[in-house]
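So for the sequence shown, UniProt numbering puts the first residue at 1; every next one is plus one.
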Amino acid sequence: MEATKSSIVVSQFLENIGLAELKPQFEAHRIDDEVFELLDDESITQIIPKLGLRLKFKHHYNLRCNSLSEGVNLAQYLTQFDGRTQPFVLILGGNYCQPQQLFVIIERKAMVVDTLIAAIDLCYKAYQILDLCYPPQAMGV
């Protein structure tokens with residue numbers, strides 16, 4: 001199967017996390033950008049049967065962008081999340097293609113932003129201004 005424009009993001013993601021060897025499985029299951037956003041644990045298990053590769057993929061897949069469903073109490077999330085102090089983008093409702101609300105989280109403080117581009121821009125600027133080290137997930141970028 002020839003890589004189509006819609007599967008380029010999937011290919012780049014797999015290359016960036018060191019799992020380019022999984023491209024044939026994703027192509028065989030016809031995983032394009034739209035389907036990629038819909039992957040759940042069961043689907044990932046079918047596509048990636050080997051445990052080690054699956055765990056590595058799921059780790060990076062979940063770190064792409066934090067997304068919470070509608071109705072989540074943001075204040076409660078900020079007191080209970082995994083404790084990262086580095087700035088990150090949080091999507092509330094929807095997905096990263098069509099988010100309902102966007103925030104940049106810095107030190108457990110949420111700043112509302114209007115667009116994903118604005119969120120990424122603010123997050124990037126926070127890293128620059130605060131002279132922070134980029135997370136390991138950004139090493140391939």
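Beta carbons are placed, not taken as given, at the ideal position from N, Cα and C, and that holds for glycine.
Judged by DSSP secondary structure, Leu-90 falls within the beta strand (DSSP E) whose first and last residues are 88 to 92.
Per DSSP, the continuous alpha helix (DSSP H) segment holding Lys-23 begins and ends at 23 to 28. The alpha carbon of Lys-125 has as its nearest neighbour, out of Phe-88, Pro-99 and Gln-101, the alpha carbon of Phe-88. Cβ neighbours of Lys-23 within its own chain (closer than 7 Å, five residues either side excluded): Ser-11 and Leu-14.
Secondary structure of Ile-31 (DSSP, three-state): coil.
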